[in-house]
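Engineer: The following block contains the structure, expressed as structure tokens.
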């Protein structure tokens with residue numbers, strides 16, 4: 027593996043609403059810019075709520091070889107898993123019990139894919155939002171498979187507080203119009219940055235770019251914080267720089283602002 031400390035900085039990017047356009051695709055100018063910042067000594071990483079198994083095409087197009095996936099629960103570099111966490115089975119079952127009276131389904135993520143307890147309308151909306159295939163239905167598969175991340179499929183932001191009270195050992199982020207991301211309480215994209223730095227012994231600066239509530243810890247853990255123009259208000263308050271929207275050259279404008287392009 028190349029010496030990571032040959033790079034002056036690491037840059038961590040959220041995907042939907044940040045690096046990707048409205049169709050969950052990469053614009054050509056973004057692809058070229060990502061290759062250029064690497065040439066300029068800034069090593070890019072993806073930092074996403076998606077599973078790492080959903081990133082193959084994005085990584086191929088951009089040359090990005092590292093990802094803090096599942097909101098910090100699963101980290102890969104050069105095709106290898108360098109860090110992962112399991113959500114305990116008893117916590118999964120507590121969450122299923124809490125969701126049942128609200129008729130809210132769960133989506134489960136492991137090292138190879140995702141599945142749902144029930145294919146509800148919100149499940150269909152959540153995967154349409156990220157332009158990903160619909161999941162299989164299997165309410166009991168979590169008993170045989172390690173679960174690394176969960177989603178609660180709902181459009182109610184108020185349910186975040188409900189689930190935090192019901193399952194306090196888990197963390198909940200309303201990250202799309204129809205889903206809440208779920209991790210272990212001590213895990214988020216920010217801890218993902220710290221794990222990458224610790225595992226690789228990186229001592230340089232860090233940049234972070236995001237738009238959603240699950241990016242709050244990401245920006246907090248970085249030296250240089252960028253919120254997209256389309257970001258939630260809480261993230262803009264935390265940012266050092268607010269760029270234009272992801273659909274209005276936001277990433278390229280941010281690179282130019284930081285002088286890394």
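In the working numbering, the protein residues as written are 27 to 287.
The beta-carbon is built from N, C-alpha and C at its ideal position, and this holds for glycine as well.
Do residue 40 and residue 241 come within 8 Å of each other at the CB atom, strictly closer than that value?
Structural biologist: With respect to residue 40, residue 241 sits close: the two C-beta atoms are nearer than 8 Å.
Engineer: May I have the straight-line CA-CA distance separating residue 260 from residue 269, to the nearest angstrom?
Structural biologist: Roughly 15 Å between the two C-alpha positions.
Engineer: Could you tell me the distance, in whole angstroms, from the CA atom of residue 145 to the CA atom of residue 196?
Structural biologist: 23 Å
Engineer: Using only alpha-carbon positions, find the residue among 44, 235, 257 that is nearest to residue 251.
Structural biologist: Ranking the options by Cα distance to residue 251, first place goes to 235.
Engineer: Are the CB atoms of residue 228 and residue 63 nearer to each other than 8 Å?
Structural biologist: no
Engineer: Beta-carbon separation of residue 59 and residue 287 under 8 Å?
Structural biologist: yes
Engineer: Let me know the alpha helix (DSSP H) ranges lying completely inside the region 188-262, each 4 residues or longer, listed in chain order.
Structural biologist: If you keep only unbroken alpha helix (DSSP H) runs of at least 4 residues inside the region 188-262, you get 215-226, 242-246.
Engineer: Could you tell me which whole beta strand (DSSP E) segments of length 3 or greater appear in the region 61-115?
Structural biologist: 68-73, 92-95, 100-103, 106-110
Engineer: I want to know whether the region 175-188 touches the region 63-74 - three or more CB-CB distances under 8 Å.
Structural biologist: no
Engineer: On the three-state DSSP scale, how would you describe residue 173?
Structural biologist: coil
Engineer: Using the DSSP secondary-structure output, state which residues sit across from residue 56 in a beta bridge.
Structural biologist: Per DSSP, none; premise fails for residue 56.
Engineer: If contacts are defined as beta-carbon pairs under 8 Å, then residue 141 and residue 148 qualify, I think. What distance do you get, rounded to the angstrom?
Structural biologist: That pair is no contact at about 15 Å.
Engineer: Which same chain residues, not among the five before or five after residue 192, have their C-beta less than 6 Å away from its C-beta?
Structural biologist: 124
Engineer: How would you label residue 115, buried or exposed, when you count the other beta carbons within 10 angstroms and need 16 or more for buried?
Structural biologist: exposed
Engineer: Pull up the distance between the alpha-carbon of residue 285 and that of residue 203, whole angstroms please.
Structural biologist: 34 Å
Engineer: Residue 154 by DSSP, collapsed to three states: which one?
Structural biologist: It is helical.
Engineer: Among residues of its own chain, excluding the 5 on either side of residue 111, which ones have a beta-carbon nearer than 7 Å to its beta-carbon?
Structural biologist: 99, 174, 210, 213
Engineer: Using beta carbons (cut-off 8 Å, strictly below), is residue 263 in contact with chain C?
Structural biologist: Among the chains in the structure shown there is no chain C, since it carries only a single protein chain.
Engineer: Helix, strand or coil: which one does DSSP assign to residue 30?
Structural biologist: Residue 30: helix per DSSP, three-state reduction.
Engineer: How long is the line joining the alpha carbons of residue 31 and residue 230, rounded to whole angstroms?
Structural biologist: 7 Å
Engineer: Flag this pair as yes or no: are the beta carbons of residue 56 and residue 222 separated by less than 8 Å?
Structural biologist: Result no, Cβ atoms of residue 56 and residue 222 do not sit closer than 8 Å.
Engineer: Residues in its own chain within less than 8 Å of residue 217 by CB, not counting five upstream and five downstream?
Structural biologist: Taken in chain order, the residues that qualify are 98, 243, 247.
Engineer: Buried or exposed for residue 163, please, with buried defined as at least 16 other CB atoms from any protein chain shown within 10 angstroms of its CB.
Structural biologist: Counting C-beta atoms within 10 angstroms of its own C-beta, residue 163 has fewer than 16 neighbours from the protein chains shown and is therefore classed as exposed.
Engineer: Kindly identify the DSSP beta-bridge partner or partners of residue 179.
Structural biologist: 131
Engineer: Could you check the C-alpha separation between residue 70 and residue 219 for me, to the nearest Å?
Structural biologist: The straight-line gap separating the alpha-carbon atoms of residue 70 and residue 219 is approximately 12 Å.
Engineer: Take the Cβ of residue 75 as the centre, count every other Cβ of all protein chains shown within 10 Å, and call the residue buried at 16 or more, exposed below.
Structural biologist: Classification of residue 75: buried, given that the 10 Å Cβ count is 16 or more.
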